[in-house]
Structures are given as structure tokens and as C-alpha cells.
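**Student:** Position 150 of the sequence shown, counting from 1, maps to 192 under our numbering, and the rest follow consecutively.
Every residue gets a Cβ at the ideal spot worked out from N, C-alpha and C, and that includes glycine.
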Amino acid sequence: MSEETRPGAMSLIVVARALRTRGLKGELVADLLTDFPERFAGLSELLAVSPNGDIKPVKLESHWFQKGRIVLKFAGYETIESASTLIGHQLAVPETERVELAEGEYYNWELEGCRVETVEGRVIGKVREVMMTGGVAVLVVEDDSKHEYLIPLSQSIVVDIDIPRKTLRVDPPEGLLEL
Numbered sequence: 043m044s045e046e047t048r049p050g051a052m053s054l055i056v057v058a059r060a061l062r063t064r065g066l067k068g069e070l071v072a073d074l075l076t077d078f079p080e081r082f083a084g085l086s087e088l089l090a091v092s093p094n095g096d097i098k099p100v101k102l103e104s105h106w107f108q109k110g111r112i113v114l115k116f117a118g119y120e121t122i123e124s125a126s127t128l129i130g131h132q133l134a135v136p137e138t139e140r141v142e143l144a145e146g147e148y149y150n151w152e153l154e155g156c157r158v159e160t161v162e163g164r165v166i167g168k169v170r171e172v173m174m175t176g177g178v179a180v181l182v183v184e185d186d187s188k189h190e191y192l193i194p195l196s197q198s199i200v201v202d203i204d205i206p207r208k209t210l211r212v213d214p215p216e217g218l219l220e221l
């Protein structure tokens with residue numbers, strides 16, 4: 043899933059990124075960074091995270107979708123000038139407010155940092171990122187010597203995902219780990 047977290051003291055899920063102002067009344071156009079745009083209907087507040095990491099709450103007055111993006115109107119941002127101060131900010135919610143997924147589904151950021159080992163117990167490395175290639179998720183696993191392994195995220199290969207233990211067990215087909 044495409045919601046992403048940002049490091050820091052408070053775990054946040056970034057749901058949008060402010061791009062530019064719109065109109066004369068302090069509206070912002072933002073890229074959606076969530077697979078759940080409907081979540082904005084239930085939000086009254088977001089956390090604006092500046093490029094340098096400062097976090098401030100912003101009250102969401104209204105929102106609507108336009109051409110694959112979201113237009114946001116925040117309380118207290120009534121002019122182009124005031125709204126422009128939020129350009130480049132990530133807009134986030136606390137991780138505790140994440141959309142719950144069905145059993146067996148995981149956010150990409152939950153997989154990042156997980157230790158990957160074979161069903162025989164051989165440690166391969168840690169998931170550095172989840173890469174999407176043509177609609178297929180691929181784990182980019184890096185070992186201690188910075189060697190990368192690309193492992194398709196399929197049930198026949200990734201046989202066990204234990205998020206609380208931050209561990210993935212894989213049963214790779216012959217030759218996959220030699221690439």
C-alpha cells in the first residue's frame with residue numbers, strides 16, 4: 043500500500059504533499075500519497091511536516107478531488123500568501139490513525155527494515171524498500187556487504203510475514219538468490 047511513514051519521535055503516515063496554491067482563498071493542491079483517499083472525509087486535522095522536520099497541526103476545513111490530486115482548505119490560511127507557506131510540506135496523520143488492512147495485507151513501510159531469512163534459517167539481509175514494477179511488488183533486500191537481492195513479493199516465495207518480530211521467511215526458487 044502506498045501510505046508512507048517518516049522517521050522521527052512520533053510515527054506518522056504521510057497522506058499528501060502540498061504542491062502549490064489554488065485560487066485566491068488559501069487553497070492548496072496536493073499529491074495524494076495514500077491508497078485511501080476516502081480517509082479525508084473523516085479528518086478534521088492533519089499534521090504539516092516541513093522539509094526541515096518541524097511539525098504543526100492544521101485544521102482541515104474542506105477538501106475535494108481534482109484531476110487525480112486533492113485540493114485542501116485549512117483554517118487560518120485565507121490568502122495565497124498564507125497558504126504558500128505550506129508548499130513542500132508533507133501532510134500526515136499519526137500512525138495510530140492508519141487505515142486497517144485485511145489480514146495478510148501490509149503497508150510497504152511495515153515491510154521495510156524487516157530481516158529476511160530462508161525457510162532453512164539462512165539470513166539474507168533486510169528489506170531496504172518495496173519496489174513496484176509493472177504492478178508487481180518486489181522486495182529490495184540488502185545484506186551487510188550492501189549486495190542487493192530482488193525478491194518478488196508473492197505468497198509462493200514469501201511464505202511468512204511476522205510484522206511484530208520484523209521478520210520475513212522466504213522459500214526462493216532455485217537461482218533467485220544467485221542473481
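Who does I112 pair with in a DSSP beta bridge?
**Tutor:** For this step, residue 112 is matched to residue 70 along the sequence shown. I112 is bridged to A72, F107.
**Student:** Which residues in the same chain have their Cβ closer than 8 Å to the Cβ of L128, if we skip the five residues on either side of it in sequence?
**Tutor:** Reading the sequence shown from its first residue, position 86 is the one you call residue 128. Here the set comprises A60, L70, A90, V100, F116, Y119.
**Student:** Would you give the residue range spanned by the alpha helix (DSSP H) that A125 belongs to?
**Tutor:** Taking the sequence shown and counting its residues from 1, the one referred to as residue 125 is at position 83. First-last of the alpha helix (DSSP H) with A125: 122-126.
**Student:** Going by other Cβ atoms of all chains shown within 10 Å of its Cβ, with 16 needed for buried, is A144 buried or exposed?
**Tutor:** Numbered from 1 along the sequence shown, position 102 holds the residue referred to as residue 144. By the 10 Å Cβ count, A144 comes out exposed.
**Student:** What does the Cβ neighbour count give for L210, buried or exposed, with the cut at 16 atoms within 10 Å?
**Tutor:** Along the sequence shown, one-based indexing puts residue 210 at 168. When all chains shown are included, L210 counts as buried.
**Student:** Can you find at least 3 beta carbon pairs, one from the region 191-209 and one from the region 152-162, that sit closer than 8 Å?
**Tutor:** yes
**Student:** Tell me, to the nearest whole angstrom, how far the beta carbon of L114 is from that of V57; I am working on the premise that it is less than 8 Å.
**Tutor:** Reading the sequence shown from its first residue, position 72 is the one you call residue 114. Reading the sequence shown from its first residue, position 15 is the one you call residue 57. About 11 Å separates the beta carbons of L114 and V57, which is beyond the 8 Å limit, so they are not a contact pair.
**Student:** Does the beta-carbon of A51 have 16 or more other beta-carbons within 10 angstroms, so that it is buried, or is it exposed?
**Tutor:** Counted from its first residue, the sequence shown places residue 51 at position 9. Note that A51 scores a pLDDT of 47, beneath 50, so its modelled location is shaky; the value from the coordinates is reported in the next line. By the neighbour-count rule (16 or more Cβ atoms within 10 Å), A51 is not buried but exposed.
**Student:** In or out: G130 buried (at least 16 other Cβ within 10 Å) or exposed?
**Tutor:** For the purposes of this step, residue 130 is taken as residue 88 along the sequence shown, with counting starting at 1. Under this definition G130 is an exposed residue.
**Student:** Taking just the CA atoms, how far does E184 sit from E190?
**Tutor:** Position 148 of the sequence shown holds residue 190. Position 142 of the sequence shown holds residue 184. Taking the straight line from one Cα to the other gives about 5 Å.
**Student:** Look at the alpha carbon of P215 and the alpha carbon of G163, and state the distance between them as a whole number of angstroms.
**Tutor:** Within the sequence shown, numbered from 1, the residue matching residue 215 stands at position 173. Within the sequence shown, numbered from 1, the residue matching residue 163 stands at position 121. About 15 Å.
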